[in-house]
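See structure below.
Number of protein chains: 2
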Amino acid sequence: MNIVFFVFDGITALDVVGPYEVLARLPGARSVFVGPARGVIRTDNQVLGLAADRSIDEIDAADLLVVPGGFATRALERDERVLAWIREVDATTRVTASVCTGALVLAAAGLLRGRKANTHWAVRARLAEYGAIPTAERIVRDGKYATAAGVSAGIDLALALAVELAGKEIAQAIQLGIEYDPEPPAALEGAGDAARAPAMIREAVLARMRAREAELESFDSPAASRRARSE
Amino acid sequence: MNIVFFVFDGITALDVVGPYEVLARLPGARSVFVGPARGVIRTDNQVLGLAADRSIDEIDAADLLVVPGGFATRALERDERVLAWIREVDATTRVTASVCTGALVLAAAGLLRGRKANTHWAVRARLAEYGAIPTAERIVRDGKYATAAGVSAGIDLALALAVELAGKEIAQAIQLGIEYDPEPPAALEGAGDAARAPAMIREAVLARMRAREAELESFDSPAASRRARSE
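Which chain is which? The protein sequence lines are A and B, in order. Take the first sequence: its letters are residues 1 to 231, numbered as in my numbering. Take the second sequence: its letters are residues 232 to 462, numbered as in my numbering.
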C-alpha cells in the first residue's frame, strides 16, 4: 500500500505527523512525504522543518492520500498546480483523507461537492463555499473521502483507517504501540471541543485565527502583489 | 521562554511533534529543534526527515528541555556526548521533560535517581536499572522532571505543562486550537492502555519490539563493531 503524505510551507505539523505515526506502521505500507518541490518545508510558525522527499511532479498515484492543514491552505485553495495534482492522485486512491483545513483544499479541488465533510471547527462553514456539506463530527466519511476535524483529530482518523485497511487487531497493536490512551488534563475538561469550550476561550481562539488570516491575506492578495511588484 | 526539542536519528516523530504543537504555541515561547549535528535527521522507520536547526554544541541552556524517544534511545543511553549535553542543559532548566523512551536517556544521564518516572509501558521496568522508580501513570511529575508514557502521551504532558507555565486559559485556548478532544475508534476500546489491551495484542507488540531491539543491538554491540572492523 502506497501512502502519500502531502506537506507544504505553512503546514501544521501535527496534522500530518499524527496520521503518519499510525499509518506508516501498517504492514506493507510504503510511505512518502511529498511537497510542491523536494526539500525541507517549514511549519506555520517556521519552527520545524519537515523533509519533502519527493515533489508532486514525481508522484501521480497513491492508495491513500493524506492532505493536512495549516494557515497556508488559504493559498493552496487557489494553487492550480497543487489542486490539479490532488485531482490526479485522487483518481487513483482507495481512500483520500484530510486533516483540519486540508479538507478545504480537497473541496477547492472539487472533490467534496455534495459530500459531507469536516475541517477545523473555526472554518467549518467555509466547506459550503465549495458545495460540501459541513458536518460537525470528529471523523466524517463519505464514499472514499475521510475528513477529520482540527489538528489532533488526524490520529483518530488514522486509527479508524487502520481498522478499515488492516483489521481490528493490527489497529489495536498500533494503538498500543503509540500508547494512545488519551488523558487531557482534568483542569481543561472539554476545552478541546468547540461546542463545550468556554465561550470566552472560543472567541479568543477565533480572534487570533482571524488576525493571523488577515495578516496572511495582506501578504498574499493581488493588491499586495501589485504593491510588491511596484517597489 | 526558550524551549529546546532534542531530535536524533531513530526518533519516533510523534514523541516530539505532539509536545511541539502545544508548547510552541505558548505566548513568548522561542522553540528550537536541536540534534547531535545540524541537518535533517530521520525517524525510526526512515520515512520522515525532521530538521535539526542547531547542534548540541551550539545550545547550552533552556527553560524547558524535551527529550523524546524511539528505538535509538538504546544507543543514546551509552552516548556520553549526548548525556553530558543533557546534564549541562538540565542544570539550567525550569522543567526537564521526556516522552516515551526519552525517560531512559534522562535516567542514563543520572537525572532520575530516586525519582518517580514513566516511559513506554514495554520498557518501564528498565527505569530501575538507573535508580528511578517506575511509575505507571500517563504523566509523572517529580520535582522539575516530567516524564510521559509512550509516544502519544507527549500531547497530554505538554498540555499539563501549558497549564503550569501559562495558566489554565492559555492552555484551554491551545487545546481548542488543536481541537484536542480525542476520540479513538470505539472498536479499539482500551487498546491504547497496556493494562486494558487484550493480552494477545500486548504480547504481539512486545514480540515485535524485542525483535526490533535485538536487530538494533546486533548492529550496535561491541561484538558487531569488532566484526565490522575485521572485515
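Quick reminder that beta carbons are idealized off the backbone N, C-alpha and C, glycines included.
Asked, Found
"8 Å Cβ shell around residue 456 of chain B - same chain, five flanking residues per side excluded", "Summary for residue 456 of chain B: the model assigns pLDDT 46, below 50, so the residue's position carries little reliability, and this model does not support an answer."
"Residue from A:113, A:163, A:169, A:180 whose Cα sits closest to the Cα of residue 246 of chain B", "A:180"
"Proximal chain B residues relative to residue 121 of chain A, where beta-carbon distance stays under 9 Å", "407, 410"
"Residues from the region 19-42 of chain A in contact with chain B, defined by Cβ distance under 7 Å", "20, 21, 24, 31, 33, 40"
"Span of the alpha helix (DSSP H) around residue 246 of chain B", "244-254"
"Buried versus exposed call for residue 258 of chain B [16 or more other C-beta atoms within 10 Å across all chains shown]", "exposed"
"Within-9 Å CB hit, residue 248 of chain B to chain A", "yes"
"Whole-angstrom C-beta distance between residue 363 of chain B and residue 346 of chain B, which should lie under 8 Å", "6 Å"
"Residue 232 of chain B: CB within 8 Å of a non-hydrogen atom of the ligand SAH", "By its list of ligands, the structure shown contains no ligand whatsoever, and the ligand SAH lies outside what it can speak to."
"Top-ranked residue by Cα proximity to residue 212 of chain A, from A:73, A:147, A:95, A:186", "A:73"
"Extent of the continuous beta strand (DSSP E) to which residue 3 of chain A belongs", "2-6"
"Min CB distance residue 386 of chain B to chain A below 9 Å", "yes"
"Three-state class that DSSP yields for residue 73 of chain A in the structure shown", "helix"
"Environment of residue 97 of chain A [buried if 16+ CB atoms lie within 10 Å]", "buried"
"Alpha helix (DSSP H) runs contained entirely in the region 158-195 of chain A, provided each spans 4 or more residues", "168-177"
"Minimum Cβ-Cβ distance from residue 370 of chain B to chain A less than 9 Å", "yes"
"Interface flag, residue 70 of chain A vs chain B, CB-CB below 9 Å", "no"
"Within chain A, the residues that residue 244 of chain B reaches when beta carbons sit closer than 8 Å", "17, 20, 21"
"Cut-off 7 Å between Cβ atoms - residues of its own chain near residue 264 of chain B, not counting five sequence neighbours on either side", "236, 238, 281, 282, 283, 284"
"CB contact check: residue 365 of chain B to chain A, cutoff 9 Å", "no"
"Residue 66 of chain A - DSSP class collapsed to helix/strand/coil", "strand"
"Residues in the region 146-173 of chain A having any Cβ partner in chain B nearer than 8 Å", "149, 150, 151, 152, 153, 155, 156, 159, 160, 163, 168, 169, 171, 172, 173"
"Any chain B beta carbon closer than 9 Å to residue 196 of chain A", "yes"
"CB contact flag (residue 172 of chain A, residue 365 of chain B, <9 Å)", "no"
"Residue 424 of chain B at chain A interface by Cβ criterion, 9 Å", "yes"
"Through-space distance from residue 182 of chain A to residue 162 of chain A, alpha-carbon basis", "18 Å"
"Closest residue to residue 12 of chain A among A:42, A:22, A:95, A:159 (Cα-Cα distance)", "A:42"
"Exposure of residue 126 of chain A, with buried meaning 16 or more beta-carbon neighbours within 10 Å", "buried"
"Ranges of the alpha helix (DSSP H) found wholly within the region 79-113 of chain A, counting only runs of at least 4", "80-90, 102-108"
"Cβ neighbours of residue 340 of chain B in the same chain (closer than 6 Å, five flanking residues each side left out)", "314, 317, 318"
"Chain A contact for residue 440 of chain B (CB, 9 Å cutoff)", "yes"
"For residue 378 of chain B, the first and last residue of its enclosing beta strand (DSSP E)", "376-379"
"Nearest candidate by alpha-carbon position, reference residue 76 of chain A, set A:18, A:106, A:124, A:168", "A:106"
"Whole-angstrom distance between residue 203 of chain A and residue 121 of chain A, CA atom to CA atom", "12 Å"
"Residue 222 of chain A, buried or exposed, once every other Cβ within 10 Å from all chains shown has been counted against 16", "Here the model assigns residue 222 of chain A a pLDDT of 48, short of 50, so the residue's position is not dependable and the matter cannot be decided."
"Nearest neighbour of residue 331 of chain B, chosen from B:417, B:409, B:249, B:287 [CA to CA]", "B:249"
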